[in-house]
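Visitor: In this note's numbering, the protein residues as written are 2 to 392. Below is a structure I'd like to ask you about.
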Ligand code: SF4
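Below you can see the structure in the form of structure tokens.
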């Protein structure tokens with residue numbers, strides 16, 4: 002038990018240090034250990050990290066500056082009525098914190114990320130900046146083929162950057178490494194849904210966020226060790242309500258806000274905060290054409306999210322399924338202020354919940370929010386109400 006407790010504390014402390022290190026010391030250490038290797042920053046929400054990893058590079062997920070960096074120059078590039086995330090990323094870049102990065106991938110999720118990619122090309126013409134077009138058509142013969150071509154084109158850019166060819170076997174090895182990582186993350190997510198008192202939301206979040214920076218093999222080890230250690234702990238089960246949190250797939254809420262939910266009496270049994278690491282449901286095939294396998298996994302098994310065009314099912318049906326699967330009693334919509342994808346989806350998701358009589362509450366945040374009292378009261382009232390009247 003003491004060993005398990007020490008292990009959990011050590012792993013969470015390691016993940017917490019990565020979370021708070023906006024100078025990206027881990028990236029610098031990676032480059033010192035692999036002087037020839039490149040580092041690629043991946044903007045939200047989802048990038049096919051397998052192809053970056055296969056090129057011998059370190060993919061690092063960038064999520065803004067959180068509440069740790071004062072935005073001074075970043076504000077000059079964006080109007081006031083858009084989300085906070087791009088200002089934080091510009092601030093990180095202009096303050097030299099991303100100097101050890103060699104390239105960046107900007108997935109097509111919203112106009113903000115699209116515009117950020119344009120600003121990037123003007124500000125940092127010497128760095129690789131790739132816009133990743135994701136399909137709007139989910140027929141494998143149409144959108145799948147388009148996406149496989151897009152992946153090929155990014156891989157061509159990465160090969161030019163490194164000066165080395167990437168073989169199909171390199172890609173298959175990387176796909177297998179990410180399959181393993183998704184399996185480990187799934188085990189952690191299942192444990193949260195089954196026994197949330199063992200896995201506090203902030204710990205789960207930090208351990209999953211560590212995957213933004215670590216090599217995938219190291220992150221898989223961390224997740225496996227964390228799950229094994231918490232299973233040995235005897236943490237008390239509290240009289241909390243079980244909630245799903247939805248809408249935080251891009252700009253992240255501050256850590257203090259995640260802790261606030263639990264302090265307000267909510268166990269978060271599922272959330273979309275680190276959805277990028279769970280974007281493909283299940284394994285990607287390790288036989289055949291690896292780029293086609295990645296493309297068909299995306300068009301056939303991408304998780305439902307406001308950052309992907311949904312045409313296969315009724316909006317909200319997947320959220321209702323997630324609520325049932327995780328035995329949640331309600332949903333907290335927590336979306337970044339001015340986030341078009343999240344906030345445009347919300348009315349449709351709320352209508353689907355209403356139809357199934359699933360209670361919900363909603364509020365907005367910014368990554369640098371400093372005051373949580375009002376949200377704590379709202380979440381606490383929601384938690385009490387679903388426990389008192391939910392039956
Ligand atoms: S928070 Fe929303 S609007 Fe802002 S970059 Fe992310 S998806 Fe786009």
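No residue lacks a Cβ here, since even glycine has one placed at the ideal position from N, Cα and C.
Compute the minimum distance between the beta carbon of residue 252 and the heavy atoms of ligand 1, and state whether it is under 7 Å.
Guide: The answer is yes for residue 252.
Visitor: Comparing alpha-carbon positions, which option in 374, 172, 388 and 238 lies nearest residue 329?
Guide: Closest option to residue 329, Cα to Cα, is 388.
Visitor: Taking residue 100 as the reference, give the member of 144, 40 and 301 with the closest Cα.
Guide: Cα-wise, what sits closest to residue 100 is 40.
Visitor: Report the CB separation of residue 61 from residue 28 in whole angstroms; it is logged as a contact under 8 Å.
Guide: Their Cβ separation, rounded to whole angstroms, is 6 Å, which keeps residue 61 and residue 28 in contact under 8 Å.
Visitor: Are there 16 or more other CB atoms within 10 angstroms of the CB of residue 375, so buried, or fewer, so exposed?
Guide: Classification of residue 375: exposed, given that the 10 Å Cβ count is below 16.
Visitor: Check each candidate in 319, 383, 204 and 339 and name the one with the smallest Cα separation from residue 81.
Guide: That would be 339, whose Cα lies nearest to the Cα of residue 81.
Visitor: Identify every residue that forms a DSSP beta bridge with residue 50.
Guide: DSSP output for residue 50 lists no bridge partner at all.
Visitor: How many angstroms separate the CA atom of residue 472 from the CA atom of residue 199?
Guide: Here the chain comprises residues numbered 2 to 392, so residue 472 is not present and cannot be evaluated.
Visitor: Should residue 264 be labelled buried (16 or more other beta-carbon atoms within 10 Å of its own) or exposed?
Guide: Its Cβ having fewer than 16 others within 10 Å, residue 264 is exposed.
Visitor: Any heavy atom of ligand 1 closer than 7 Å to the beta-carbon of residue 94?
Guide: Checking every heavy atom of ligand 1 against the Cβ of residue 94, none is found closer than 7 Å.
Visitor: Here's a check: name, in chain order, each residue in its chain whose Cβ is nearer than 6 Å to the Cβ of residue 31, leaving out the five neighbours to either side.
Guide: Excluding positions up to five away in sequence, the list reads 59.
Visitor: Which value, in whole angstroms, describes the spacing of the CA atoms of residue 125 and residue 95?
Guide: Going from the Cα of residue 125 to the Cα of residue 95 covers about 10 Å.
Visitor: Is it the case that the Cβ atoms of residue 276 and residue 306 are separated by a distance below 8 Å?
Guide: Yes; because the gap between Cβ atoms is below 8 Å, this pair is in contact.
Visitor: Could you check how far apart the C-beta atoms of residue 179 and residue 50 are, in whole angstroms? I think they sit under 8 Å.
Guide: Right, their Cβ atoms sit about 7 Å apart.
Visitor: Mind checking which residues open and close the alpha helix (DSSP H) that includes residue 206?
Guide: Run containing residue 206: 202-210, per the alpha helix (DSSP H) assignment.
Visitor: Going by DSSP in three states, residue 348 sits in which element: helix, strand or coil?
Guide: Residue 348: helix per DSSP, three-state reduction.
Visitor: So residue 179 is in the alpha helix (DSSP H); what residue range does that whole segment cover?
Guide: Per DSSP, residue 179 belongs to the alpha helix (DSSP H) from 169-195.
Visitor: Is the beta carbon of residue 253 less than 8 Å from the beta carbon of residue 371?
Guide: Against a cut-off of 8 Å, the Cβ pair of residue 371 and residue 253 comes out as no contact.
Visitor: Counting only runs of 3+ residues fully inside the stretch 253-328, write out the beta strand (DSSP E) ranges in chain order.
Guide: The stretch 253-328 contains these whole beta strand (DSSP E) runs: 267-272.
Visitor: Would you report the Cα separation of residue 324 and residue 245, rounded to the nearest angstrom?
Guide: Whole-angstrom Cα-Cα distance: 7 Å.
Visitor: Could you check the C-alpha separation between residue 3 and residue 207 for me, to the nearest Å?
Guide: Going from the Cα of residue 3 to the Cα of residue 207 covers about 22 Å.
Visitor: Tell me whether residue 340, by its Cβ, gets closer than 7 Å to a heavy atom of ligand 1.
Guide: Result yes, Cβ under 7 Å from ligand 1.
Visitor: Closer than 7 Å: is that where the CB of residue 63 sits relative to any heavy atom of ligand 1?
Guide: Outside the cutoff, so no.
Visitor: Which of the three DSSP states is assigned to residue 365 in this structure?
Guide: Here residue 365 sits in strand by DSSP.
Visitor: Over what stretch of residues does the beta strand (DSSP E) that includes residue 129 continue unbroken?
Guide: Here the beta strand (DSSP E) through residue 129 covers 129-133.
Visitor: If you measure between the beta carbons of residue 321 and residue 367, is that distance less than 8 Å?
Guide: Not in contact: residue 321 and residue 367 (Cβ atoms no closer than 8 Å).
Visitor: Classify residue 223 as helix, strand or coil using the three-state DSSP reduction.
Guide: It is helical.
Visitor: Taking the continuous alpha helix (DSSP H) assigned at residue 335, which residues delimit it?
Guide: Note, residue 335: premise wrong, no alpha helix (DSSP H); beta strand (DSSP E) at 331-337.
Visitor: Measure the alpha-carbon distance for residue 19 versus residue 176 and round it to whole angstroms.
Guide: Whole-angstrom Cα-Cα distance: 24 Å.
Visitor: Which partner residues does residue 247 have in the DSSP bridge list?
Guide: Residue 247 is bridged to 334.
Visitor: From which residue to which residue does the alpha helix (DSSP H) around residue 126 run?
Guide: Element bounds for residue 126: n/a, residue is neither H nor E.
Visitor: Tell me whether residue 343 counts as near ligand 1, meaning its Cβ is closer than 7 Å to at least one heavy atom of that ligand.
Guide: Checking every heavy atom of ligand 1 against the Cβ of residue 343, one is found closer than 7 Å.
Visitor: Starting from residue 106, trace the beta strand (DSSP E) both ways and give me its first and last residue.
Guide: Here the beta strand (DSSP E) through residue 106 covers 104-108.
Visitor: Compute the minimum distance between the beta carbon of residue 113 and the heavy atoms of ligand 1, and state whether it is under 7 Å.
Guide: Yes, the beta carbon of residue 113 sits closer than 7 Å to at least one heavy atom of ligand 1.
Visitor: List the DSSP bridge partners of residue 41.
Guide: Answer by DSSP bridge pairing, in chain order: 60 and 104.
Visitor: Flag this pair as touching only if the stretch 358-367 and the stretch 268-286 have three or more C-beta atom pairs under 8 Å; answer yes or no.
Guide: Output reads no: the stretch 268-286 does not touch the stretch 358-367.
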